[in-house]
Each structure stands twice: as C-alpha cells, then as structure tokens.
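The numbering used here numbers the first residue of the sequence shown as 538 and each following residue consecutively.
Shown next, in structure tokens, is the structure this report addresses.
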Amino acid sequence: MNKALLSILFFLTVLQASALEITRIEPASWWVGMKNTELQILVYGQNISKSKVSLSYPGVKIKDAVTVESPNYIFIYLDISAKAKPGTMNLVFTSGVEKLVQAYPLMPRAKTPGAAGFTSADVLYLITPDRFSNGNLTNDILENSTVNRKNANSRHGGDLLGIENHLDYIKDLGITTVWLNPVQENHMPGGSYHGYAITDFYRVDRRFGTNEEYRMFIEKAHSKGLKVVMDMIFNHSGSAHWWIKDLPSRDWLSSPDVYMGSNHNRWASLDSHAPKSEKDKLINGSFVRTMPDLNQQNRHLGTYLIQNSIWWIEYSRIDGIRQDTHFYADFDFMARWCKEVEAEYPDFNIVGETWFPGGTAASAWWQRNSSLNKKNSHLETVMDFNLVFRMQKAFDEESRSSDGDQAGLFTLYEIIAQDFLYADPDKVLIFLDNHDISRFIRKDEKDLNRYKQALAFLLTTRGIPQLFYGTELLMSGTKQEGDGQMRKDFPGGFPGDTVNAFTPEGRTDMQNEAWNYMQKLLLWRKSNSAVTSGSLQHYMPESNGVYVYARIKDEQRVLVILNGSNADKSLQMERFKESTGKYTAGKDIISGKSVDIQTPVSIPARGVMIIELGK
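Next comes the structure, spelled out in structure tokens:
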C-alpha cells in the first residue's frame, strides 16, 4: 500500500474518531414567551466541549457556553427575548473542519388548562402508581425488573393508564386533586417501584407510560374537573442516573468520592445551636447509598433542576408539585426555586415535605413569610406531621387534660391552638397517613367510630386535606411490616384479582359503609365555603371530653362536635353562642336530622356531628 493511500486512511480514521456527536440534550424543547427569558441547555456528547456553538435565530442569542471538568458537556445559556417566535432554531457546533447542526424546537406557550394550584377548597388523593391499577400489560417487563406481586417490594405493574381508567371512581368519591408518587424514570436494579430514585428527570418511567401518555392522563383528569400534583425530588437522584458514570464536575454531587450518609437529623436544618458539621451531614450526606446527594449549590445543576420543574409544568400542565425531602436540600436553592416557579405561574402551589413530628414551630419555620425564620423559604404549603402522628392516636384515647397528662381530642385542640406559629395555617397539608408512615386504619378495627371521627375532623378543620388511596376501603399496613405493606395493591386493579373494590359489589358491608361516609363528607364539603375557606373558632375540651369547633364564612356556619369519651354526653350549648350566632337550629349532615341547639345536644360515645346551621 503506497504512502498516499495510508495518509488518506489515517486522516479518515482520525476524522471518524473525532466526529462530533450529541447523545443527549436537556431540555429537548422550550417555549417562547416565558417570563424568565434565560434558558440553559445541557448538551452531552463525546468531547463536545471542544466545539464552538453558534446560532442565528431572530430574538434569540447565546449569553454563554460553559465547559466543565468533563469534556463531554457544554452548558449553553440563551436569552429568548419577547420578540422570538415559535419555530425551529439550529444550534451549530463546530470543531476545526467538523460541523454538527442540532435542530431545537421553540414552541408557543401552552393554552390548555393547568398550573391552577391547590387550596383548602381541594382534597388530595395520594396514589402509588405501581399499586393502583394495571391498565397496560405490555409495559410490565422492562430490562432489569419484572412484575412480581407476591413480593411486597417488587414492581406490581400499576401504570398511568390504570389510574386513568379509574378517574371516574376518584371523581365520584368526591376528590378534587390527584397526587401521584413520582412517575419519572427509576431504571434502578431491583425496580424501585416507589419512584424516589430518579434516573432521568425528563422522562416518565416506561413501566408507567410515556411522556405523551402522562400529558394525556393530565388532560383527561382536567376534563373531569380533577387537578394533578406531581411528586419531585431535588435532594438526590438514583445511583443509576445516566450522569453518575460521567459527572459534569466533581461538585455535581455533595460527596462524589466517598459515601457520606446523612445523619437524618432533621432538626439540624433549623436548629440555631447545631454545629456546622451536623448541618452539613444532613444537607450533604446521601439519603441512602442508592440515592446520592445532589449539590444544588452548583450553578448549572441548580438551574437544571429549576428548569426541569418549569418544563414539566408547561409541557404536562400539572397543577402543583409536592417536593420530597424538602429540608434535606440547600435552603437558599429551594427558596430560589419556589420563588422562580411562582414568578412564572402565580396560581401554582408547591407543598414541601417538612417532616417534623412533635413540634408545630418546626413546620411553621419552613412556611413562607414565617416570623420564626430570618430567611424566607418562599414555600407556600408545608406538611403537618405533628398533627398526623397525634391523629393516629387521639381518636382511640379518652380525652383528658391535666398537668402533664393530655390525651385524646385535647391534644388535637392543643396543636390547632398553636396555629399562631404559621404564617398561613389554611395552607398547611393535613393527612391521616401517607406512603411513608403506618396507615391510619388498623387490622383489628371492630367498628367505624375512630374512622368516622378522624375523617370528620380532617375534612372540617383548617388546612388542605390529603387522603391516601385505599383509606376509603379501610386498607391497613404498618411501617413495622414494611413499606410495601403500607402500599398494597388496590383490589380489582390488577389481572387475576378475585375482588373488585372499585364497585360496591366488590366491597364488604363495612367497606361500603366507610366508602359511603367518606363520599358524603367529600361531596358536601365541596359546596360549603365555611369549611373550605372560612375562619375557625374552637373550644377547649372540658372534663366531658367533647371537642367543639366552628367554621364561619359570612352567613354560613358549621358546628362540629366530637365526643372523645367512651360514654354518651349531653352538651349544654350556651358556651358556643359566639359561634352559632343568630341560629337556633341546624342539620346534621351525617344523619340528615334536624338539631335544635337551644336545648342540650346529645352525642353518643365516640360520636360525631357536623351541624350546618340555618338548615
């Protein structure tokens, strides 16, 4: 072979080896007309950082193109002015004689319903998608995991289509808002059915469906008058996330070289006496080994995460976000995120997981505009774990109040009495249980007294109520039994189920009584503005163990009576005159009977009355 031919072959080999290639671009599309005109585009490809980037598109210019430690990334920052029109712009990458043109779509802003937020007028229904219903059998088996319903911690096959098929069930129950545990890709060894180990922030897990199917699910929910809340996690990713094998830079993770577990000392996030080392381990330690901690202080990662949430809002038209492990992430970043989302979508709402049992002040510290916090979290809604853990005990304790010996309904009164700590107690998420804690219902429930009192309280006190799927069926399961037992399959949602609890015929008499009771309260609640947006007045339970409170909005008044005693009680009504006002009678919405409040009211042991005054 002559030297000239060898030279040509060598040149072609070098050219082929160094050819420009893009294997990933995130986000893959964006919109014109956004209030924030800056767009970050993550470009990933072999040695892509050696190229120069240019574009020519009216109203769009490159502000910066940043290379990082890994040669396989470029972070492009664009300014998309108000003059930019929808269309396809070309990002041009050149390296020497090589040239690569990457088409990038700019779309018009979404006009479909969405981004509506959620308020105390709503009731959220939390679903673990893998455990609700399997509507598409073809997506059950994918690479590293298969469906195994005999194993409580394996994938069971539930998906978006399964939930979509039962939206009428959810609507008929009286729910207004559906919150799904994470639907983003969890391509982890073992399957990660729960969704909290994300391996692709821009992709719906294929075992649940596609991005387009997720968008169609939300559109279908909206058409039925239901809102949708998306679960997100900024504190960590899954260890099998695509970027873990080639991090953009060492500081992309909080602890990239060695595993540093979190101390899970949640109090360190707000404890003014905590040493820096305690705070650092909470914020920078990995949640678990399979969930490495993300460093939100990294400029590019912080912007990436914020844009990811905005992309999902605009693309899918979700109405709200629940942020997992909110207090584990960097405070300043999370405040920035909340603020930027609100600036783009003023009606949108975010609820952060603020898990602080045993102290109202801690949850209140995290709510935006809190007088307890020198900084502003900009987090509109926090989760009241203090209340939930008391509710799980209060309804089967005898109510009493004495020095150092409070129990039962008095403890609920005591927590609500501390609402002065919250900047806005109406924007606090309240719940009987969720996917992380033991279910409220116990296996040995002999009657529905505890269930009925708890639901009545949850749906008539202040805050935004949330119910966990299956509560209407008296589904039980404890943390001690394992997370999989708390997230059981919904009967009738899966092939081979012998019972279909989506229908009255498939439920036991006790389940139907529980379901019907919940439905009655939920449907009534929708129409009563005193409960959904009124003020709350409550009275300390006295020696009789009865807790009384009122919801008041203009002329609408509702009086709630909970008997925390194991004995029947006759209640003198004069004490509550300030709350009952001009009304002398009302209707108990549970029994449908008229109630004369000018005479003593009888309430049975462990009973509950919700009296709509003036009826």
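Glycine is no exception: its CB is placed at the ideal position from the N, C-alpha and C atoms.
These figures come from a predicted structure and were not determined experimentally.
| Asked | Found |
| --- | --- |
| Continuous alpha helix (DSSP H) stretch holding S1070: start and end | S1066 to S1070 |
| Cβ pair L661, F669 closer than 8 Å | no |
| Distance between W892 and D768 (C-alpha atoms, nearest Å) | 16 Å |
| Residue of S591, D659, A653 and Q834 minimising C-alpha distance to P1002 | D659 |
| Coarse secondary structure for K782, derived from DSSP in three states | helix |
| Bridge partner(s) assigned by DSSP for P1002 | I967 |
| Segments of 4+ residues assigned as alpha helix (DSSP H) that fall wholly inside the stretch 688-740 | 697-701 and 704-710 |
| Bounding residues of the alpha helix (DSSP H) (the contiguous stretch that carries A993) | N986 to T997 |
| Residue nearest to A652 in terms of C-alpha spacing, selected from V720, A565, F1027 and I850 | I850 |
| Length of the line joining the Cα atoms of S853 and Y751 | 7 Å |
| Contact the stretch 924-940 vs the stretch 1073-1085: 3+ CB pairs below 8 Å | yes |
| Nearest neighbour of P608, chosen from S618, K598, V634 and L579 [CA to CA] | L579 |
| The stretch 617-636 touching the stretch 562-581, judged by at least three CB pairs closer than 8 Å | yes |
| Residues that Y641 bridges to, as DSSP identifies them | M626 |
| Where the alpha helix (DSSP H) through F922 begins and ends | F922 to A931 |
| Environment of P666 [buried if 16+ CB atoms lie within 10 Å] | buried |
| Contact belief for K818 with N800 at Cβ below 8 Å, rounded distance in angstroms | 4 Å |
| Segments assigned alpha helix (DSSP H), at least 4 residues, entirely inside the stretch 861-922 | 868-881 and 897-903 |
| Spatial distance of D856 from Q1135 (CA atoms) | 45 Å |
| C-beta atoms of H724 and T736 nearer than 8 Å | yes |
| Among S1131, S729, D601 and E1092, the one whose alpha carbon lies nearest that of H837 | D601 |
| S586 beta carbon near the ligand COA (any heavy atom closer than 7 Å) | Questions concerning the ligand COA fall outside what the structure shown contains, since it holds no ligand whatsoever. |
| 8 Å Cβ cutoff met for I1089 and S1116 | yes |
| Straight-line Cα distance separating S774 from G1082 | 48 Å |
| E890 and M928 closer than 8 Å at C-beta | no |
| Beta-carbon contacts of N802 that lie in its chain and below 7 Å, excluding the five residues immediately before and after | E815 and L819 |
| T495 burial status per 10 Å Cβ neighbour count (16 or more: buried) | Past the boundaries of the shown model lies residue 495; the chain is included only from 538 to 1152, so the question cannot be answered. |
| Rounded C-alpha distance that separates V551 from G633 | Note that V551 scores a pLDDT of 40, beneath 50, so its modelled location is shaky and nothing firm can be said. |
| Range covered by the beta strand (DSSP E) that runs through S1107 | K1106 to L1108 |
| Contact check, N671 vs G699, beta carbons under 8 Å | yes |
| Beta-bridge pairing of I1147 - partner residues as DSSP gives them | V1097 |
| Close-in-space but distant-in-sequence residues of the same chain around G711 (CB under 6 Å, 5 per side omitted) | Q1056, L1059 and L1060 |
| Assigned exposure category for K912 - 16 Cβ within 10 Å defines buried | exposed |
| Candidates T560, I617 and L663, of which the one nearest Q639 by Cα | T560 |
| Helix, strand or coil at Y594 according to DSSP, with G and I counted as helix | strand |
| Span of the alpha helix (DSSP H) around A1051 | D1046 to K1063 |
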